[in-house]
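First comes the structure, then the notes that go with it.
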Amino acid sequence: ESIDIGSSSLTTSSGTEDLGYTAAIVSGDTVYLALPFIQHFTNFDYSVCSDPDRLVITSDYTTSVTTATINRDTQVRTSGGIKSSIMEEVASGDTVTVLEQMDTWSKVATKEGIIGYVENKRLDNVTDAVPTAPTNYTEPEYTTHQLGEKVNCAFHMVMSAAAAENTLSSDMAQTKTVNVIAPTVFWVHDMQGDITDHSSAAYVSAAHDMGLKVWAVVDNINDPDLSDKGDFLEYADTRANCISQIMQSVQNCGYDGVNVDLELVPEENGEDYIQFIRELSIACRNAGITLSVDNYPAYEFNGYYHLKEQGVFVDYVIIMGYDEHYAGDTEAGSVSSISYVKEGIQMALDRVDKSKVINAIPFYTRVWMTTNGQLTSENIGMNQIDEVLAKHNMTATWDEDSGQNYAETTEDGTYYQVWIEDNQSIQLKLDAMTAADLAGVAEWKLEFDTADVWDVIANYMNS
Numbered sequence: 015e016s017i018d019i020g021s022s023s024l025t026t027s028s029g030t031e032d033l034g035y036t037a038a039i040v041s042g043d044t045v046y047l048a049l050p051f052i053q054h055f056t057n058f059d060y061s062v063c064s065d066p067d068r069l070v071i072t073s074d075y076t077t078s079v080t081t082a083t084i085n086r087d088t089q090v091r092t093s094g095g096i097k098s099s100i101m102e103e104v105a106s107g108d109t110v111t112v113l114e115q116m117d118t119w120s121k122v123a124t125k126e127g128i129i130g131y132v133e134n135k136r137l138d139n140v141t142d143a144v145p146t147a148p149t150n151y152t153e154p155e156y157t158t159h160q161l162g163e164k165v166n167c168a169f170h171m172v173m174s175a176a177a178a179e180n181t182l183s184s185d186m187a188q189t190k191t192v193n194v195i196a197p198t199v200f201w202v203h204d205m206q207g208d209i210t211d212h213s214s215a216a217y218v219s220a221a222h223d224m225g226l227k228v229w230a231v232v233d234n235i236n237d238p239d240l241s242d243k244g245d246f247l248e249y250a251d252t253r254a255n256c257i258s259q260i261m262q263s264v265q266n267c268g269y270d271g272v273n274v275d276l277e278l279v280p281e282e283n284g285e286d287y288i289q290f291i292r293e294l295s296i297a298c299r300n301a302g303i304t305l306s307v308d309n310y311p312a313y314e315f316n317g318y319y320h321l322k323e324q325g326v327f328v329d330y331v332i333i334m335g336y337d338e339h340y341a342g343d344t345e346a347g348s349v350s351s352i353s354y355v356k357e358g359i360q361m362a363l364d365r366v367d368k369s370k371v372i373n374a375i376p377f378y379t380r381v382w383m384t385t386n387g388q389l390t391s392e393n394i395g396m397n398q399i400d401e402v403l404a405k406h407n408m409t410a411t412w413d414e415d416s417g418q419n420y421a422e423t424t425e426d427g428t429y430y431q432v433w434i435e436d437n438q439s440i441q442l443k444l445d446a447m448t449a450a451d452l453a454g455v456a457e458w459k460l461e462f463d464t465a466d467v468w469d470v471i472a473n474y475m476n477s
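Everything in the sequence shown is counted per our numbering, starting at 15 for the first residue and increasing by one.
As C-alpha cells, this is what we get:
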C-alpha cells in the first residue's frame, strides 16, 4: 500500500481508495501520520482530549490490567488526601484503570488520560482482565513457500557465472541428500542498491536437472566497491532498485528462491534492514518463490536484525552457527563449539517457529598461530585438516567442552592451535538439530567438504 504526502488517495493492489482525510503531512523535517490511517496497519484505540490537548492511546491487548467502577460521583486528586488539588470530576458508573492500590487511596487513570488518586471507598468491582482488542485491523496471514520436506541447503561460492557452471558438477559430486543449492550470485555493488549479477540460466538448469532447488544469494560482503554495508537500505527507492534487479534475474534464470546474506549491517540501519526484508518478502511471495535469510545467533547486541519479525515474513531463517571465533579475533578458539550451536538454536526458537529455523554448519575451521604474543589465524576447509596436522606433526584428541577434536603444538617459536570440524563434531551439531526438530541444515560451503561428512548429514536428513 502507498499514499502520497498530502493526499487522501490510498493505492493498494486492488486499486485506489479515497480515505476522506489527509493521511500524511510534513512540518519542518517531521512527517506526521493521521491516526485513522495508522489503524489500517495495527490495532489500537485512541481518544482526543483537550484542556490540555492530549491523546490517550491503548495498544496493549495482551497484558492484564486492573479496572474498577466509580460507585459515587467523586474527584481525582493530585495525591492521596482530601486536601490535595482536584484534577478531574468522575461520575458514578465511570470505569478507571487502577495503577496502584494503597491503604485508603488508589492511583488511577481515567478514560480521558488523567492520572491521579481516588479514595478506595469510591471503587467497586475491582477486577483484572485483558482488554478487548478493537476489530479495525486483522493481522494478515502470510503464505509460505517452503519445501514440504527437511531442507539440506549447500552454499556454493560463485565468483563468476562461467566458473559456477564449470564447477557445479564437480562440487556436487560427493554430496548426499542435498535438495537446495545456494550460489552467491547477487553482490550488492553500491549505495544505490545496484547489484553485480553473476547469474547463469545454464547453471540453474543444470542444478534443476540434478533435482535441486536453487536459492540465489544476495550479499553485501563480496563486492570490493561496497564500503558501507547498510547505506543502500536507508531509502525506499534504493531498496526498491535492489529488489527489482533481484526479481528480474529470478524471472530470467528461473530461480526457486532468494537467500539474503547481509552482514555487518550497522545498528543505525536496523529498521531499514527489516523493512528491506518485508519488501523483498512481498516480491518473493508474489513470484511464488522461497525467501530465506541468514542470521547471526540472536544475541542482544545484534537484536536490531529483528529475528522475531523476520520469522513473520520469511519462509526460513538460517542461523549461521559458526564464526564463534573469527578472523581478527583477539583470542583463539573454536569456530563452532557445541555449546555455541545449541545456544544459537535456542535463541532462534525463542523467536521463530521451529518449522522455519535452519541451522548452518561450517565445513571449515581456523588454524590459530601465536608468535611473540601476536595472534593470527588461517581459514582452512575440513578437507585440508589432515594435511595441516601432518605438516605440523600434531595429534588431535577429543575436547569435551567444544565437542570437537583439538590439536596443538609449538614449532619454530610459533604456537599452533586448531579446533577441528569433522564428521564427529558435525554429528554432535546434527544431534542438537534433531533434538530441536528444526526445518533442516545448511552448509558453508561446497569445496570444503569431505566424503564422510555427507554420511552423517544423510543420516540426519533420513532420520
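Each residue gets a CB set at the ideal place from its N, CA and C atoms; glycine is no exception.
Do you know offhand how far residue i's Cα is from residue j's?
| i | j | result |
| --- | --- | --- |
| Thr36 | Ala48 | 7 Å |
| Gly244 | Lys227 | 29 Å |
| Ile288 | Thr411 | 43 Å |
| Ser93 | Trp119 | 9 Å |
| Glu248 | Asn283 | 7 Å |
| Arg292 | Ile333 | 19 Å |
| Thr80 | Asp469 | 59 Å |
| Ser295 | Pro154 | 13 Å |
| Tyr310 | Glu114 | 42 Å |
| Thr196 | Ala254 | It should be pointed out that residue 196 corresponds to Ala in this sequence rather than to Thr. Between Ala196 and Ala254, the C-alpha separation is close to 23 Å. |
| Arg86 | Gly107 | 8 Å |
| Tyr340 | Thr56 | 41 Å |
| Met447 | Gln438 | 15 Å |
| Gly29 | Ser16 | 11 Å |
| Gly95 | Gln89 | 11 Å |
| Ala449 | Ile359 | 11 Å |
| Phe290 | Asn266 | 22 Å |
| Glu401 | Glu422 | 14 Å |
| Asp185 | Ala362 | 30 Å |
| Asp308 | Asp337 | 13 Å |
| Ile84 | Ser22 | 42 Å |
| Lys459 | Leu182 | 13 Å |
| Thr124 | Asp142 | 16 Å |
| Val371 | Glu102 | 53 Å |
| Thr25 | Val40 | 19 Å |
| Ser27 | Asn150 | 20 Å |
| Lys97 | Val104 | 17 Å |
| Phe58 | Phe51 | 12 Å |
| Thr384 | Thr464 | 28 Å |
| Asn397 | Phe377 | 8 Å |
| Ala82 | Glu133 | 12 Å |
Among the options, which residue has its Cα nearest to the Cα of residue i?
| i | options | result |
| --- | --- | --- |
| Thr428 | Phe327, His406, Trp458, Leu442 | His406 |
| Gly127 | Thr76, Asp67, Gly94, Ile96 | Asp67 |
| Trp382 | Ala374, Leu403, Asp367 | Leu403 |
| Ile440 | Met186, Ile394, Pro148, Val355 | Val355 |
| Val110 | Lys121, Asp117, Met186, Met101 | Lys121 |
| Asp251 | Ala220, Glu314, Gln206, Leu276 | Gln206 |
| Asp413 | Tyr131, Tyr313, Ser351, Asp242 | Ser351 |
| Thr210 | Ser183, Thr158, Asp185, Ile260 | Ile260 |
| Ala312 | Val349, Asp364, Asp286 | Asp364 |
| Gln262 | Leu240, Cys298, Leu276 | Cys298 |
| Thr157 | Ile394, Asn300, Asn134, Val194 | Asn300 |
| Ser353 | Gly395, Asp445, Ala453 | Asp445 |
| Thr76 | Ala472, Asp204, Thr146 | Thr146 |
| Leu452 | Gln418, Ala374, Glu425 | Ala374 |
| Leu33 | Glu179, Asp18, Leu278 | Asp18 |
| Val112 | Arg91, Ser99, Leu137, Ile100 | Leu137 |
Would you list the residues sitting across from residue i in a DSSP beta bridge?
| i | result |
| --- | --- |
| Glu392 | Val381 |
| Trp119 | Glu133 |
| Met334 | Ala374 |
| Glu103 | Gln89 |
| Thr448 | Answer is none; Thr448 lacks a bridge partner. |
| Asp211 | Phe200 |
| Ser16 | Thr25 |
| Trp468 | Its beta-bridge partners do not exist; DSSP assigns none. |
| Asp233 | Trp201, Asp275 |
| Ala456 | Cys167, Ala374 |
Report yes if the C-beta of residue i is less than 8 Å from at least one heavy atom of the ligand SAH; otherwise report no.
| i | result |
| --- | --- |
| Val199 | Absence of the ligand SAH is noted for the structure shown, with no ligands found whatsoever. |
Enumerate, from N- to C-terminal direction, the unbroken beta strand (DSSP E) stretches of 3 or more residues contained entirely within the region 258-329.
271-275, 304-309
Sequence ranges, alpha helix (DSSP H) only - wholly within the region 21-99, length at least 4
49-52
Please determine if the region 169-184 and the region 208-228 are in contact, where contact requires at least 3 C-beta pairs separated by less than 8 Å.
yes
Mind the definition here: the region 388-401 touches the region 322-334 only if three or more C-beta pairs lie below 8 Å; say whether that holds.
no
What residue ranges within the region 135-206 form continuous alpha helix (DSSP H) runs of no fewer than 4 residues, ordered along the chain?
175-185
Output the residue ranges of the alpha helix (DSSP H) runs that lie fully inside the region 394-445 and measure 4 residues or longer, sorted by chain position.
399-405
Any chance the region 227-240 sits against the region 198-208, with 3 or more Cβ pairs inside 8 Å?
yes
Would you say the region 299-318 touches the region 263-274, given that touching needs at least three Cβ pairs under 8 Å?
yes
Does the contact criterion of 3 or more C-beta pairs under 8 Å hold for the region 431-451 versus the region 165-172?
no
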